[in-house]
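Residue numbers (our numbering), protein chains in the order written: chain L, 1 to 857; chain Z, 1001 to 1172. We treat Cβ as the ideally placed atom computed from N, Cα and C, and that holds for glycine.
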Amino acid sequence: MQTGGAASALLLCVGLVVWLGWLVLREIDDFSVANSDNLQWSLAQADVEFLQFRLAMKDAQDNPAAMEDVRRRFDIFYSRMVTMSSGRVFHALRESVQSSAPRMRVLDFLEKTVPLIDGPDQEFLAELPSLLQQSEQVTADVRSFSLAALAAFAEVSDSRREGITELMIYIAAVLLALFIGLTLLAYAMFRLFRLAQKRADALQFASTRMKTIVQTSPNAIVVTDEVGVVREFNTAAEALFGFTRAEAVGRLALELMVPAETLGRHQFGALAFLDEHRRPRPEEQHFEITLQTRDLHLFPAEISADRAEADNPLYVFYIRDISNWKEAEEQLTEARDRALAGERTKSEFLAVMSHEMRTPLNGLLGAMQLMRDHSLTERQGDLLDRMQSSGRLLLELVNDVLDLAKFEAGKMKAEEAPFSINRLLDGLVETAQPLAQTYGNELNWRWSGPEGDGAIGDARRLRQVLLNLVGNALKFTRDGSVEVEVEYLDAARTEVEFRVIDNGIGIAEKDLARIFQDFETLDSSYAREAGGTGLGLGIARRFMRLMGGEIGAESEPGEGSLFWIRVPLTPVEAVAAAPEEPRDHPDAPQRPLDVLLVEDNEINRFIVREMLEGEGHKVTIAENGQAGVDAAALHRYDVILMDISMPVMDGTTASGHIRGGTGACAAVPIIALTAHALPEERERFRKVGMTACLTKPIERPLLLRTLAEVTSGDVPALPPEPGVAPAAAPLLTVVQPQQEVPAAPETELLDEERLGAFLSEVPRPTVDKLLERFYAEMDRNIAALAETAPDDPDLGPVAHQCAGSCGPFGVEALRRALGRIETQVKRGDQPSRAELAALADLWQQSRSALESRLEAA
Amino acid sequence: MLGLPSLRTLIALALLVAPVAAAAAKDLPKPEEQPLLVVSGAISNTNLDGTASFDFDMLEGLDTVTFTTKTIWTDGEQTFTGVQLSDLMELVGATGNEIKATAINDYAVNIPREDWVDGGPIVAFLNHGEKMPVRNKGPLWIVYPFDQRPEYQTEQIYSRAIWQLDRIIVLD
């Protein structure tokens, strides 16, 4: 727009100048060639010459000798008139002037006079008087012609002057226009200049500022062009890399800063975008890399890089030496790891110690119970009571510490299972009733507000907390009452409050805060009398936190106390049976049973037989599935114990045959014995008609209880969905211990409890014989396993066999490791070679531990 | 008005310039008829009473130049024949730097020496090859080659183009 305007203005100017120039040139042309000599002179001369002619004529009247002069004057006048009739000068006169009457008459006079002039003197002299007379008239004509011509010429020169004036005005106007135009142009130019200057200044300023920013940056800044040639290298970069700016600029950044061996291998790594001449992707713009300084010192660096897109793209790198940071990070990590390890070691130590203490305690308590079978004096009986009471207290303490340690080790998590609140509280009251009677207290529970029942939550821990609260309440109340209230806190029944209210001695205000702390006992006679570790409420508090609930207390000294817990529970419709509930079944079969034991592992076979025969049951052995089927067909046993993994025929198939056939035992309960039952496996057991499932290693009490249950006909078959209905007692109680303590590699090598039980149940000579065989079998099989290919089909069975052998001796860590391998094989995965190789070491450690343990025994 | 000299004129000029030098410094004969032109003043070559007088035949006998040009006083192209003023001045041995040319009607004008050049004005005595009567600017007319040399088209030169010439006084 502006350009167009300027162009048209320019064009107009040029047009004006050209036009004016043309005008001026024409004028100059006109002036350079004079169009006339002095016209006025000529006209005046005409007058004069005619008068001279007349004078000559007058002279001639008196003196005829003057005739020559008359002729000369005539000729001169004639010539004048001829001159004024021709030529450009004369043509400038108007037609009207040329053809005016006076001129015509003058010319007429001249033409008439010529013959007289040219004629003889006599004739001329004769005519002279009339000629003179005529000439008088002609004088006037010449005069008027001259005047007319003058007027005409004046007009011409006027118009010409006007033309010139006009031209001058044009020139002035155009000059003015040009001047204005030039002024405007100059102004515009000035503006442009100022603008350009301003821009240049701004650019300069920005550049200076940028330079300052770059130079003062504490981080090294390196700018390269597209090929990676260094263009900018700031002070921090100089300090970091040891090159001066002059040295660095112009060199390849990669060669300058990246270690030569990295470059040599063409492994640009994070700097690949530079090599590929492209913009780094967002995830490529921040990275850590190892760079080198001038003296080839390597250091870790953090780089922010991007490409400035332009005609000549630039790469900008912000480089930070993170050596110190890395070092600090490492130190911090190390410190943290050390602290964590220390904490873990402490917790583990506690857990191990508690665990270790439990075994001998159990031994002591068991021995005391056995002592009661002997005849004792009253005094001995009292002493035994005290010993037992102290022992139980000690066991309680150890269990508390174990809970605490597990909690602190982070190995504990709340369980989610359906249970019945009513049955939980029934059981609670029933359990605590003996204690209540001891102190002469009444113990009851009731709903406050609308009644409910089913809920999903961690019933076991909830029961433990409530038992603790109730126990405390009973201990600090004499001949009073303890009441448990339960109430839903919201309409949706997602939060439940349990209140344990007593009318005992109460707790002072100042003590209320600290009773939930660990190892706090209130200094009261009751407390000393009642005993306790002071851990109970601390553990309760932790359990509540674990379940997402709260615990608190209110009390009035002398009036009583109120302990409450609030816990979020998911309501469910109805719960069939409560696992915690004491069952109607006795803990052991009421009569000697005829048992068929189908088991291939000799050690297991021996142990189970020992357990059962020790209880007075009759045991028949079958060494594999086929033998079991055969035996079951011939004789009706009370119950069949069926190992699952066996040569010739496995337990599942054998059970299928027994149930499907018409043998003597087609309807006899079958209990599966398995190292570790996967849910899908148990579904399989159920389908073939097995009655229950026991997880190895077999514990005597569980075995006896399960036998009691299945032989009483109470558990007709495996429940259809064992995971959802844990009420199936034999399954759940057996499987649970495994879930509670997740299988971890750091499991102690030996399960002291199991080993202790084994040693106490089996005579020492037999133990030694079994151990000898165990060592031989394990040495051989573990060595084989450690070198077996992960996809070897024999892997699963061998691992199973070894795991089975480990069980009775309490070689727990190895058993679990083998179990994991077996599980993997069963699920179609392949265990890693490292895992297999690790078995050899584990076995060696386990064997040493076992040997030293047995030497001590 | 502007124009190149015609080829004919150029040829004429070329032919007629050469003999000019040869005419120098010869004795002037006396005029046999009534002189048309009387040159007086600062001259060295005289023939009559201290003047250099020329009749028609004498002029015609000199080296002449013919050219064709337009003038502002005439209509159409005019062919003039005459003696170059420079030749004439050389012939009379003019020593001054200026001449005063006077006409029959007593019109007078001064012509400086710078005009007396080869290819400059002529003292014409023939127009279209014929003698010029007094009734038509005769008998002599100083004519400049206006068309050939446009710089002569000025009022000053026009004023010097004196017709009905009969006297020349060479001024010191």
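Proximal chain Z residues relative to residue i, where beta-carbon distance stays under 7 Å
{"i": "Glu49(L)", "result": "Asn1105"}
{"i": "Ser79(L)", "result": "Val1134, Arg1135, Asn1136, Lys1137, Gln1164"}
Paired residues, beta bridge with residue i - DSSP
{"i": "Glu292(L)", "result": "First, the residue type needs correcting, since residue 292(L) is Gln and not Glu in the sequence shown. Looking at the DSSP assignment, Gln292(L) forms a beta bridge with Leu298(L)."}
{"i": "Gly1041(Z)", "result": "Val1170(Z)"}
{"i": "Leu694(L)", "result": "Leu673(L)"}
{"i": "Leu596(L)", "result": "Thr620(L), Ile640(L)"}
{"i": "Leu1176(Z)", "result": "For chain Z, the structure presents residues 1001 to 1172; residue 1176(Z) sits outside this window and is missing."}
{"i": "Thr1051(Z)", "result": "Leu1048(Z)"}
{"i": "Lys1100(Z)", "result": "Asn1110(Z), Ile1169(Z)"}
{"i": "His286(L)", "result": "Ser304(L)"}
{"i": "Tyr315(L)", "result": "Thr224(L), Arg307(L)"}
{"i": "Lys1131(Z)", "result": "Leu1126(Z)"}
{"i": "Pro861(L)", "result": "Residue coverage of chain L in this structure runs from 1 to 857, which leaves residue 861(L) outside it and unanswerable."}
{"i": "Ile169(L)", "result": "Paired residue(s): none; Ile169(L) is not in a bridge."}
{"i": "Leu562(L)", "result": "Ile501(L), Glu554(L)"}
{"i": "Asp321(L)", "result": "Ala301(L)"}
Burial state of residue i, where buried means 16 or more other Cβ atoms lie within 10 Å
{"i": "Gln1034(Z)", "result": "exposed"}
{"i": "His657(L)", "result": "buried"}
{"i": "Glu172(L)", "result": "Note that residue 172(L) corresponds to Ala in the displayed sequence, not to Glu. With fewer than 16 Cβ atoms within 10 Å of its Cβ, Ala172(L) is classed as exposed."}
{"i": "Leu731(L)", "result": "With a pLDDT of 36 at Leu731(L), under the threshold of 50, the modelled position of this residue cannot be trusted, and the question is left open."}
{"i": "Val14(L)", "result": "exposed"}
{"i": "Gln590(L)", "result": "exposed"}
{"i": "Met168(L)", "result": "exposed"}
{"i": "Ile1168(Z)", "result": "buried"}
{"i": "Gln807(L)", "result": "Note that residue 807(L) is Gly in the sequence shown here, rather than Gln. So Gly807(L) ends up on the buried side."}
{"i": "Pro1029(Z)", "result": "exposed"}
{"i": "Ile28(L)", "result": "exposed"}
{"i": "Phe50(L)", "result": "buried"}
{"i": "Val1170(Z)", "result": "buried"}
{"i": "Phe349(L)", "result": "exposed"}
{"i": "His277(L)", "result": "exposed"}
{"i": "Ser1053(Z)", "result": "buried"}
{"i": "Pro561(L)", "result": "Here residue 561(L) turns out to be Ser, not Pro, going by the sequence shown. Ser561(L) should be labelled buried."}
{"i": "Ser525(L)", "result": "The pLDDT assigned to Ser525(L) is 48, lower than 50, so where the model puts this residue is not dependable, and the model offers no usable value."}
Within chain Z, the residues that residue i reaches when beta carbons sit closer than 9 Å
{"i": "Thr83(L)", "result": "Trp1073, Thr1074, Asn1136, Lys1137, Trp1163"}
{"i": "Ile76(L)", "result": "Ala1103, Ile1104, Asn1105, Val1134, Arg1135, Gln1164"}
Nonlocal neighbours in the same chain, by C-beta distance under 6 Å from residue i, ignoring five residues either side
{"i": "Phe407(L)", "result": "Arg542"}
{"i": "Val724(L)", "result": "Confidence is the limiting factor: at Val724(L) the pLDDT is only 36, short of 50, which leaves the residue's position unreliable and the question unanswerable from this model."}
{"i": "Arg54(L)", "result": "Ser135"}
{"i": "Gln801(L)", "result": "none"}
{"i": "Phe74(L)", "result": "Phe53, Ile117"}
{"i": "Glu127(L)", "result": "Leu116"}
Chain-ordered chain Z contacts of residue i [CB-CB under 8 Å]
{"i": "Ser86(L)", "result": "Trp1073, Thr1074, Asp1075"}
{"i": "Arg72(L)", "result": "Ile1104, Val1134"}
Contacting residues, own chain, Cβ-Cβ under 7 Å from residue i (five flanking each side not counted)
{"i": "Val465(L)", "result": "Ala540, Phe543, Met544, Ile565"}
{"i": "Arg103(L)", "result": "Phe145"}
{"i": "Gln1156(Z)", "result": "none"}
{"i": "Ala783(L)", "result": "Ala840"}
{"i": "Phe109(L)", "result": "Gln134, Val138"}
{"i": "Leu425(L)", "result": "Trp445, Val484, Val486"}
{"i": "Leu707(L)", "result": "Pro589, Leu593, Val639"}
Within-8 Å CB hit, residue i to chain A
{"i": "Leu1048(Z)", "result": "As a matter of chain content, chain A is missing from the structure shown, whose protein chains are L and Z."}
Neighbourhood of residue i by C-beta distance below 8 Å, restricted to the same chain and skipping five residues each side
{"i": "Arg446(L)", "result": "Glu483, Val484, Glu485, Val486"}
{"i": "Phe179(L)", "result": "none"}
{"i": "Met81(L)", "result": "Ala46, Val106, Leu107, Leu110"}
*Return the chain-ordered ranges of every beta strand (DSSP E) run that is complete within the segment 87-153 of chain L and spans a minimum of 3 residues.*
none
*Ordered list of beta strand (DSSP E) runs contained in the segment 383-458 of chain L, each at least 3 residues*: 417-420, 442-447, 454-457
*Mind listing, in chain order, the continuous beta strand (DSSP E) runs of no fewer than 3 residues lying wholly within the segment 489-524 of chain L?*
495-502
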